[in-house]
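Before any comments, here is the structure.
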Amino acid sequence: MDFASLLPELLKGFSNFTLGNGAMILAALILIYLAVFKEIEPVLLLPIGFGCLLANIPLAGMSASEGMMKILYEAGIKTELFPLLIFVGVGAMIDFSPLLAQPQMVLLGAAGQFGIFGTLTLAIALGFPLNQAASIGVIGAIDGPTSIFVATKLAPELLAPIAVAAYSYMSLIPIIQPPLMKLLTTKKERLIKMEYAPKPISKTALIFFPVALTLVVGLLVPEATPLISMLMLGNLLKTAGVVDRLSAAAQNEIINISTLFLGLAVGSTMSASAFLNLDTGKIMLLGLFAFALDTVAGLLFGKLMSFLSGGRINPLIGAAGISAFPMAGRLAAKTANDEDAHNFILMHAMGANTAGQLGSVIAGGILLSTVGKILGI
Amino acid sequence: MDFASLLPELLKGFSNFTLGNGAMILAALILIYLAVFKEIEPVLLLPIGFGCLLANIPLAGMSASEGMMKILYEAGIKTELFPLLIFVGVGAMIDFSPLLAQPQMVLLGAAGQFGIFGTLTLAIALGFPLNQAASIGVIGAIDGPTSIFVATKLAPELLAPIAVAAYSYMSLIPIIQPPLMKLLTTKKERLIKMEYAPKPISKTALIFFPVALTLVVGLLVPEATPLISMLMLGNLLKTAGVVDRLSAAAQNEIINISTLFLGLAVGSTMSASAFLNLDTGKIMLLGLFAFALDTVAGLLFGKLMSFLSGGRINPLIGAAGISAFPMAGRLAAKTANDEDAHNFILMHAMGANTAGQLGSVIAGGILLSTVGKILGI
Amino acid sequence: MDFASLLPELLKGFSNFTLGNGAMILAALILIYLAVFKEIEPVLLLPIGFGCLLANIPLAGMSASEGMMKILYEAGIKTELFPLLIFVGVGAMIDFSPLLAQPQMVLLGAAGQFGIFGTLTLAIALGFPLNQAASIGVIGAIDGPTSIFVATKLAPELLAPIAVAAYSYMSLIPIIQPPLMKLLTTKKERLIKMEYAPKPISKTALIFFPVALTLVVGLLVPEATPLISMLMLGNLLKTAGVVDRLSAAAQNEIINISTLFLGLAVGSTMSASAFLNLDTGKIMLLGLFAFALDTVAGLLFGKLMSFLSGGRINPLIGAAGISAFPMAGRLAAKTANDEDAHNFILMHAMGANTAGQLGSVIAGGILLSTVGKILGI
Amino acid sequence: MNALLLSLQIAALGMGLVFGAILLLWLMMILLTTLTREKESAADSAEADSTAQADSKLQVALLAVSLALAEEESSSAHPLDAPPTAIVSAWQLGTRTRQMSEKSNFRRHAQ
Amino acid sequence: MNALLLSLQIAALGMGLVFGAILLLWLMMILLTTLTREKESAADSAEADSTAQADSKLQVALLAVSLALAEEESSSAHPLDAPPTAIVSAWQLGTRTRQMSEKSNFRRHAQ
Amino acid sequence: MNALLLSLQIAALGMGLVFGAILLLWLMMILLTTLTREKESAADSAEADSTAQADSKLQVALLAVSLALAEEESSSAHPLDAPPTAIVSAWQLGTRTRQMSEKSNFRRHAQ
Ligand code: NA
Ligand code: NA
Ligand code: NA
């Protein structure tokens, strides 16, 4: 054995350090900073940032074949387990009664998906191949697990920038949406008050809703079944009222552990070679475009509904149809309330917002189905 | 690419829907209904029903090779991890002091296993092959994890009907047992009061009991070791009193997550082809027979013990020896109390009931050992 | 089928029982006894003892290729997931502010690692091959997950005795250290009071510390990255203050479940053939030597620092640099307090103790790196 | 430009399908609420209706107040801070116990 | 009919083995309780015995009362609702702390 | 004896590297605390300093008292029994809510 050869070995960490590593570590630090000090989706961006840091320490091997991050990736991202388990927890936190009380709000959940397909088209125009363009488009679902699910199936190589874009912009909703709201609605429209005198929703309806929805969506869009069924399973655990243990597990240990591991595993794919290229920049811009287009489409559809209803619907709730549950719903209600301190449209906005959540998952499934068929996967 | 070919693609969910899918979805809805509205073992039947629903949505692929349900099945059912982890949690919830205070009660735990072997014989007579007959017989263990453990080893193709039968009938114990109790015991017998002046059970005994039991059962019936050892591990975590963290984890996150995933995975095996046949009906009937035979044997043995003790033992506690912990124990006590409002035999019944739990696991191991040897597995 | 052949089958548990099994079961009972009645690291020694029990029940097959214990071993030990996940939880429980307030204390964390390399040398002298000697040496890290991580990489065949030695002696710190403290320090030295007027540590420093440490250690010693990064991830989850859910998950379900499974899996490697040999005895003695040498080196370095600082440092805190967090820190403070009821050096001792934790991980990584290079792994 | 054309086709088809599926969902929701409302006993339905309306108005009013308060408070108010963590119930034990004392309970606790 | 005969043999053998194993368990339990009782100090054993008896009678009486109350109450009573969720203790920290201040404690808290 | 020589070399090299790495950590910590201290506003730094000193002295005093009390108490005292279990916060919901009402908060709650 050559003892002297140990010395270069000792500096291997530094000698293998590339400029790319440095840039990515800087990116990781920025993500961690935003997560901790700006509270931008910290539960996801903090683990993503930390995972990115680890992926760029030379020779640490955590993203290599037997590294911990790679193991988490294989166990939970490649199998899609983590986003689906997160959905079980999210489902157990959603209350669908505002939507069931005003079923017509569900239409806004469709309008808020234009961003997906518009962004897909733009991405194609920018030269992305179809599988990547569709994955970029699904940022417009404005729903983390849906974006991750679809991107993993169609273009896993873009998973990291897509996840980062989806979660970052979701946190920036309060900055992205208000200018568009002001631009596209008149003050008079924003002042519209909506009565909330809903049909009483029975417990039975709330229990059967997740089951019926799983069936309907599953038969219409089989590709959406994993996402919608896990969301609805979580919801059923809550509404059933007889399995509090399982509901609590879904809302706590299952979602917390999955979220931590998902973030680390996504972050660990952020190697310099995969992330530091023009595409990442394009994806960030396209993601922003998707958010804006969703909002615009939602607002315009809200205006249409307002017009058709004879001015009884406040078009602001259209902006809540983009998903980004429950943020967008609250923001729409707050914007109306800012305009008139006696205007409360929270229940309507939350109805549109939960509809947006459903619409996002359905659109994700349709995208998978259509693009999968074309690409022959 | 042939864009027109997309349209049939869109209806694929419906065009692949079979009558069998419809029937199984109906079965799933019935299971969910019973779980939620009749509270029949909801923590298991709700996930099983939901898993069944998912397995019968055409092309959803959740039970297919890379589907989430298949992944859960491979990870937790095929490896037997889920029933064993559930046993860790159950063990941490069992109190063996009534049994240790009255060790003779353990005999009732043996008597309550006649149903296993009687049902095996009947199943053979009805034409089932030995591996399936034994799996059906183990419904008579009247203990979910034991039934699932044995069925997975001997006849995984029958797992779903066996699990459904085991858990459904367990919830129906208050309907199945009372008529047999009335039929087989005289009023005079049911009025027998039993003194409860037990030997004091030291903490030390409670701590060594799970260890000693694991050793004794493990040496006598090696095939029962996984089940009995995990049950006893849970119990040791509780009685030790020095690892509250682990005991809490066993009673909460470990059992909750395993139960949810076990139910989903079992339900996801309920495809029409595997479930919709005469055998399923036979299994349901044989399961009921197993429950009845266990109860009858337990009561008759109780009467024998009553006779031998000179009328100092209430034969009703024999019905608690079937396992179905802790339901059967409570039911026996309640039946005696209904007969005479001053008759309290709960501690004796719980002694017999925990004995039944042990007897069930032992009988399951003996069944595996005997049948495994004959079949050469 | 030959029915008579069933009878020998029935006694197979006993007929396959070897003297070695008996001895190992006795060892398992001793471990369980120490864990439960002497409270020696019960969260680890109880599962280890129980796992050892199971591994020595003949034909139970729990450590065999499809047995539960083997599955846990493959899932969490071979992949190193369990020790790393435990470190996430430990990190979330460590407070680095005493160390940041007195950065010079970090030197004691280096001195407390002499035991690792001294023991390695002694193990070589006793005839152990290098990979085993290094694994035995790492008992001197006096940190469970680090020992398990390194031993699994270099000499998995010695995992069980190394883990047992590491955890047992860690619990015996209050017996091992005081005589050495008395021996190596004068009463005058033990009476030294240390003022605690630290620089104020900002939240920002506490948040950036785990990130900066991961980077520095990761670049210097890539092999230490998995351990140090998971420890620091846990710490970051806590100090960030914006991801309480994840921090709680790390401190509860993640660490509890990993600890239980780690213990069982380590215990299940304790077969008679692997454990009952002279090497095990040597390892136990070498482990004790490692603990003593660490303590001696720490105390001597403490005396040096005391001398260099002009008697303003109490050398007792050197004994806290061995790691064994947080036990050794408390013990040093208590020893000083026993000598003079008005002498409080807890904050200084905890600073040295957290430094020892860091030093142990770094030394473990350096060991892996150096020995791995020499052995060509 | 073929790819762009294809993508426009996908967009049109996709949004059409999304709206189609959502319309079916709308239908399903109407069916579901109608069917389950009819299941509520006819006797107290009128009463229930008005109660529910009152309830929902109350709910809105409460929401309004809380929103307003949140607005006036310092920016660190988290009006919806606590997630609805379900309390862990009796589970196996409890369920079977209940099952024993009541044979045919419809649904007991308002979850 | 060969299979049926075999199954009857299995049943006979199986139940015989179950009873055999259970009898051994009985023996083990008697041994265990006897041995551990002898370990209790002889001094207070008489006292302990009577206390324990009184305790267990009290326990039965309490159970009886609770059962009776549960009976009289509406059917929604869950006398055993709360599962015995262990409170999370100090674990690593706590244990080592204790270890430090007491070197040979037998068992401290009645769990 | 070649192996022993090698092991001595490993020991020397290893401890050297450990000390080297630890020295770099020391440097990093000094840098970190210096940099982050400078970031604190200069205005209240003097005040903060003395407060912090008072605080830390108070902390030491409190620790001393608790240690002393623990000493005098029976050996079963666990002064540090409860692990610092974080309370589960609002998470996703809460964060987004806050994000909405305050656009640029630095850090709100002292964790
Ligand atoms: Na959307
Ligand atoms: Na049974
Ligand atoms: Na150390």
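Chains A, B, C, D, E and F, in that order, give the protein sequences.
Position 146 of the first sequence, counted from 1, bears residue number 146 in the working numbering, the numbering being contiguous throughout.
Take any residue in the second sequence, note its place counting from 1, add 1000, and you have its number in the working numbering.
Take any residue in the third sequence, note its place counting from 1, add 2000, and you have its number in the working numbering.
Take any residue in the fourth sequence, note its place counting from 1, add 3000, and you have its number in the working numbering.
Take any residue in the fifth sequence, note its place counting from 1, add 4000, and you have its number in the working numbering.
Take any residue in the sixth sequence, note its place counting from 1, add 5000, and you have its number in the working numbering.
C-beta atoms are modelled at their ideal positions from N, C-alpha and C, and glycine is treated no differently.
State yes or no: is the beta carbon of residue i nearer than 7 Å to at least one beta carbon in chain B?
i	result
A/THR259	no
E/LEU4025	yes
A/ILE176	no
C/GLU2253	yes
C/PHE2275	no
A/LEU450	The first residue shown for chain A is 1 and the last is 377, placing residue 450 of chain A beyond what the model contains.
E/LEU4004	yes
Does any residue of chain A bring its CB to less than 7 Å from the CB of residue i?
i	result
D/GLY3014	yes
D/LEU3032	yes
B/ASN1021	no
C/ILE2207	yes
List, in chain order, every chain C residue whose beta-carbon is nearer than 8 Å to that of residue i.
i	result
A/ILE25	LEU2215
A/GLY13	GLY2218, LEU2219, LEU2220, VAL2221, PRO2222
A/ASN256	ARG2245, LEU2246, ALA2248, ALA2249, GLU2253
Counting contacts by CB-CB distance shorter than 7 Å, is residue i in contact with chain C?
i	result
A/ALA60	yes
A/ILE71	yes
B/SER1229	yes
F/LEU5017	yes
B/ALA1363	no
F/LEU5008	yes
What does residue i reach in chain B if we use C-beta pairs closer than 8 Å?
i	result
A/GLU80	MET1068
A/SER97	None at all; the shortest Cβ gap to chain B is about 17 Å.
A/THR225	LEU1054, ILE1057, ALA1060, GLY1061, MET1062
C/PRO2042	ALA1240, VAL1242, VAL1243
Measure the C-alpha to C-alpha separation of residue i and residue j and round it to an integer number of angstroms.
i	j	result
A/LEU59	A/GLY13	7 Å
C/LEU2172	C/PRO2178	11 Å
C/VAL2242	C/ILE2094	17 Å
C/PRO2103	F/TRP5026	6 Å
B/SER1271	A/SER369	23 Å
B/LEU1086	C/ALA2249	For the sequence presented, residue 1086 of chain B should be read as Ile rather than Leu. Their Cα atoms are separated by approximately 21 Å.
C/VAL2266	B/THR1225	18 Å
A/LEU100	A/VAL211	14 Å
Would you verify that the beta carbon of residue i is, or is not, closer than 7 Å to some beta carbon of chain E?
i	result
B/ILE1124	yes
Would you please state the rounded distance, in angstroms, between the beta carbons of residue i and residue j? I believe it to be under 8 Å.
i	j	result
B/ASN1314	B/GLU1189	7 Å
B/GLY1329	B/MET1350	4 Å
B/ILE1317	B/THR1295	Rounded, the Cβ-Cβ distance is 12 Å, inconsistent with contact.
B/ASN1337	B/LEU1191	That pair is no contact at about 11 Å.
C/SER2268	C/GLY2051	4 Å
Interface residues of chain A around residue i at Cβ under 7 Å?
i	result
C/LEU2084	MET68
Beta-carbon of residue i versus every beta-carbon of chain F: anything under 7 Å?
i	result
C/ALA2212	yes
What residues from chain E crowd round residue i, counting only those whose CB sits closer than 9 Å?
i	result
B/VAL977	The requested residue 977 of chain B does not occur in the structure, where chain B is confined to residues 1001 to 1377.
So with CB distances below 9 Å, who are the chain B contacts of residue i?
i	result
A/LEU236	ILE1032, VAL1036, LEU1046, PHE1050
Report the neighbours of residue i on chain E: residues whose CB is nearer than 8 Å to its CB, in chain order.
i	result
B/PHE1114	MET4015
Inside the stretch 57-90 of chain A only - alpha helix (DSSP H) runs reaching at least 4 residues: 68-72
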